[in-house]
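Note that the sequence shown covers residues 3 to 44 in our numbering.
Every residue, glycine too, gets a C-beta built ideally from N, C-alpha and C.
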Amino acid sequence: MVKCPQIPNEVDEWLDGFYTFSIYQVLPQLIELWGLNVKTDV
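This is the structure:
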């Protein structure tokens, strides 16, 4: 098995390589979409 040099040996180092964001940045859009989803058509 050949190891890729760009992948760290430690899982924590690998996870740190991912971009994360605050849920509060997208919460307004999520609430809006949820509201549209639960609306009923009369």
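{"Item": "Integer Cβ distance of I9 from W16, believed to fall under 8 Å", "Value": "6 Å"}
{"Item": "Whole-angstrom distance between N11 and W36, CA atom to CA atom", "Value": "40 Å"}
{"Item": "Three-way DSSP call (helix, strand, coil) for E12 in this model", "Value": "coil"}
{"Item": "Segment limits, alpha helix (DSSP H) that includes N28", "Value": "For the sequence presented, residue 28 should be read as Val rather than Asn. Start and end: 25-40."}
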